[in-house]
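First comes the structure, then the notes that go with it.
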Amino acid sequence: MLTQCEQRIMEVLLPQPFKAYSVRQLSKLIKNSYALTHKSVNSLITRKMAAGNKVGNSIACRLSLAGSAQLLAATSLTYTNKYLSNAKFGFIIDEIKDKLSTSIYIMILFGSHAKKTAEKSSDVDVLFVVQNEKDIEKVRKDVRAILSSTAIKFEFEVITSEWLLKMFDERNSVGREALEASIILHGAEQYYTLVKHYDKTRGYKESY
-8 MLTQCEQRIM EVLLPQPFKA YSVRQLSKLI KNSYALTHKS VNSLITRKMA
42 AGNKVGNSIA CRLSLAGSAQ LLAATSLTYT NKYLSNAKFG FIIDEIKDKL
92 STSIYIMILF GSHAKKTAEK SSDVDVLFVV QNEKDIEKVR KDVRAILSST
142 AIKFEFEVIT SEWLLKMFDE RNSVGREALE ASIILHGAEQ YYTLVKHYDK
192 TRGYKESY
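Residues in the sequence shown are numbered from -8 upward in steps of one, following my numbering.
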């Protein structure tokens, strides 16, 4: 079980798995003391939930994909539940998960809401990932039916997990955008397992 400080650090690292932060940056973002943040970062590194590289006299910290995907998923679930409880569209996401959980492999919030830059007029961008291409049209139809009951503006795509893996390397694709900033709404263990496979086989390269 994570301490409150460790959980808050993970909530910074999880949405952008390849972005590194200094301990000082993290302490400012989570509004905690430098000393406690430093101690918590070291604890997360020991547990293989965070990876740290020494840069000068400081530590550059990012999400670790070397540890347990189950542990990352549990931490992600805590964050997602907290996020959705405060989101105006949380009830719609819950309805989709309740009705389509057996059809959807992974469900990802990306775009401005995941980046925390959304305005009142911003669409809610969601990526649905299925395992079989034959399921795409049915999931698309079912999602549209649920969204028809709300005035909240949603934009969504339905793709396969194989496509998502390929898109991680494609600039300006929804998969790449999700990789660079996302909140996993469903299927976090599957998602971080995919990201780990991508990093191990191809390696993340920054977009320019």
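Every residue gets a Cβ at the ideal spot worked out from N, C-alpha and C, and that includes glycine.
* To do: In the DSSP assignment, find the unbroken beta strand (DSSP E) run with residue 38 in it and report its ends.
  => The residue given as residue 38 occupies position 47 in the sequence shown. For residue 38, no beta strand (DSSP E) run applies, since DSSP gives it neither H nor E.
* With respect to the alpha helix (DSSP H) encompassing residue 87, which residues constitute its N-terminal and C-terminal limits? -> Numbered from its first residue, the sequence shown carries residue 87 at position 96. First-last of the alpha helix (DSSP H) with residue 87: 81 to 91.
* Which residues in the same chain as residue 129 place their Cβ atom closer than 8 Å to its Cβ, once the five residues preceding and following it in sequence are excluded? -> In the sequence shown, counting from the first residue as 1, residue 129 sits at position 138. Cβ-Cβ distances below 8 Å link residue 129 to 94 in the same chain, with the five nearest sequence neighbours on each side left out; the list follows chain order.
* Buried or exposed (CB count within 10 angstroms, at least 16 for buried), residue 8 -> Sequence index remark: in the sequence shown, residue 8 carries index 17 (1-based). By the neighbour-count rule (16 or more Cβ atoms within 10 Å), residue 8 is buried.
* To do: In the DSSP assignment, find the beta strand (DSSP E) that holds residue 116 and state where it starts and stops.
  => In the sequence shown, residue 116 corresponds to position 125, counting from 1. First-last of the beta strand (DSSP E) with residue 116: 115 to 121.
* Whose C-beta lies closer than 6 Å to the C-beta of residue 195 among residues of the same chain, with five residues either side of it excluded? -> Within the sequence shown, residue 195 is the residue found at index 204, counting from 1. Closer than 6 Å at the Cβ level, and outside the excluded window around residue 195, lie 9.
* To do: Taking all protein chains shown into account, decide if residue 25 is buried (16 or more other Cβ within 10 angstroms of its Cβ) or exposed.
  => Locating residue 25 in the sequence shown gives position 34, counting from the first residue. Exposed, since its Cβ has fewer than 16 Cβ neighbours within 10 Å.
* To do: Would you mind sorting residue 143 into buried or exposed? The rule is 16 or more other CB atoms within 10 Å of its CB.
  => Within the sequence shown, residue 143 is the residue found at index 152, counting from 1. By the beta-carbon neighbour count (other beta carbons within 10 angstroms, threshold 16), residue 143 is exposed.
* To do: Measure the alpha-carbon distance for residue 160 versus residue 72 and round it to whole angstroms.
  => Residue mapping note: residue 160 aligns to position 169 of the sequence shown, counting from 1. Residue mapping note: residue 72 aligns to position 81 of the sequence shown, counting from 1. Using only the alpha carbons, I get a separation of about 29 Å.
* Assign residue 47 to one of two classes, buried (16 or more other C-beta atoms within 10 Å of its C-beta) or exposed (fewer than that). => Here residue 47 is taken as the residue at index 56 of the sequence shown, counted from 1. Counting every other CB atom within 10 Å of its CB across the protein chains shown gives residue 47 a total below 16, marking it as exposed.
* What distance in whole Å lies between the Cβ atoms of residue 98 and residue 119, which are believed to be in contact at a cut-off of 8 Å? -> Within the sequence shown, residue 119 is the residue found at index 128, counting from 1. Within the sequence shown, residue 98 is the residue found at index 107, counting from 1. Cβ atoms of residue 119 and residue 98 come within 8 Å of each other, at about 6 Å.
* Asked: Nearest to residue 65 by alpha carbon, out of 53, 40, 49?
  -> One-based indexing of the sequence shown puts residue 65 at position 74. Ranking 53, 40, 49 by Cα distance to residue 65 puts 40 first.
* **Reduced DSSP secondary structure (H/G/I, E/B, other) of residue 201** => The chain is shown only over -8 to 199; residue 201 falls outside these bounds and no answer can be derived.
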